[in-house]
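Per my numbering, residue 48 is the first one in the sequence shown, and the count goes up by one each step. Just so it is clear, CB atoms sit at the ideal spot from N, CA and C, and this is done for glycine as well.
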Amino acid sequence: MSEQPVIICPHCKSDNVLPFEEESRGPANESLFIIIFLALAILGAYFLFVISSYLFFPAVVFAFVILSSYLINRQDRKKKKKTTAHVLKEHICLDCSNDFLA
Ligand SMILES: [Zn+2]
């Protein structure tokens, strides 16, 4: 079951094209950055939680947890919006070896 539309080369009108897979660029680096950022944020939140639970009342901790979950939610929504957007994929023609976006 192949639901892929037929893609035709704009240079020679051939349908002998392949998608140009390049997974090292774009979202991969960004998600790695987000993972590192989240790890640091969780570590920071943990230390803040320990310190504030000793020094302040639990209300401060509670407020911090609410704030951090709000920030994580916002980041998720931003990510979802990005993934649903249509992205032109690079293809390479096997007949004339030109690459194009389709
Ligand atoms: Zn071509």
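Residues of the same chain with their beta carbon placed closer than 7 Å to that of R124 are lacking, with the five preceding and five following residues left out of the count. Within a 10 Å sphere around the beta-carbon of V64 sit 16 or more other beta-carbons, which makes this residue buried. Counting the other CB atoms within 10 Å of its CB gives H138 a total of 16 or more, which places it among the buried residues. Summarising the contact set, residues whose Cβ lies nearer than 6 Å to any heavy atom of ligand 1 are, in chain order, C56, H58, C59, S61, C140, D142, C143 and N145. Residue range V64 to P66 is occupied by the beta strand (DSSP E) that includes P66.
Cβ neighbours of V108 within its own chain (closer than 7 Å, five residues either side excluded): F96, S99 and S100. When F94, L102, R121 and L114 are compared, the shortest CA-CA separation from I81 is found for R121. The alpha-carbon of S116 is positioned some 52 Å away from that of C59.
Across the set F111, F67, D62 and L79, the C-alpha of F111 shows the shortest separation from the C-alpha of F94. In the structure shown, D123 falls within a helical segment according to DSSP collapsed to helix, strand and coil.
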